[in-house]
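Asker: Numbering (this note's numbering), first residue to last: 99 to 204.
(1) When you compare the CB positions of residue 177 and residue 167, do they come within less than 8 Å of one another, or not?
(2) Looking at the structure shown, is residue 166 part of a helix, part of a strand, or coil, going by DSSP?
(3) Three or more C-beta pairs closer than 8 Å, one from the stretch 115 to 129 and one from the stretch 143 to 158: is that the case here?
(4) I'd like to check one pair, residue 111 with residue 170: are the Cβ atoms closer than 8 Å?
(5) So the candidates are 203, 147, 124, 165; which of them puts its Cα closest to the Cα of residue 104?
(6) Within this structure, are the beta carbons of residue 144 and residue 182 separated by less than 8 Å?
(7) Determine the direct distance from the alpha carbon of residue 137 to that of residue 175, and round the result to whole angstroms.
(8) Quick check for students: name the residue ranges of the alpha helix (DSSP H) that lie wholly in the stretch 110 to 138, counting only runs of 4 or more.
(9) For residue 106, which three-state DSSP category applies?
(10) Between residue 173 and residue 139, what straight-line distance do the alpha-carbon atoms span, to the nearest angstrom?
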């Protein structure tokens, strides 16, 4: 890694993890608000903020260099399955495979 130090790479990876986790975790209340007629404006605002924060982190990483962008993007990609697994425990939702199996039986 000629243009980025190990410490900087770790920081961009952690920033990507944090931004990706926040993006995915904020999906749950966002979807809940979209289903309530009186909260749709708030849902749109949260959605816009979610996307802007993620875009800002990736933009800053890109301004810092290609390697920084790759490490931040890798953090965002890895944050998704981890956050979804944690959210499944929090919400008590069944895994997708179990839902498909139940639908196939009926």
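We put the CB at the ideal spot given by N, CA and C, even for glycine.
Answerer: The relevant details are as follows:
(1) no
(2) Collapsing the DSSP output to three states places residue 166 in a helix.
(3) yes
(4) Contact annotation: residue 170 and residue 111 have beta-carbon atoms nearer than 8 Å.
(5) The shortest C-alpha separation from residue 104 is found at 165.
(6) no
(7) 29 Å
(8) 125 to 132
(9) helix
(10) A direct Cα-Cα distance of roughly 30 Å separates residue 173 from residue 139.
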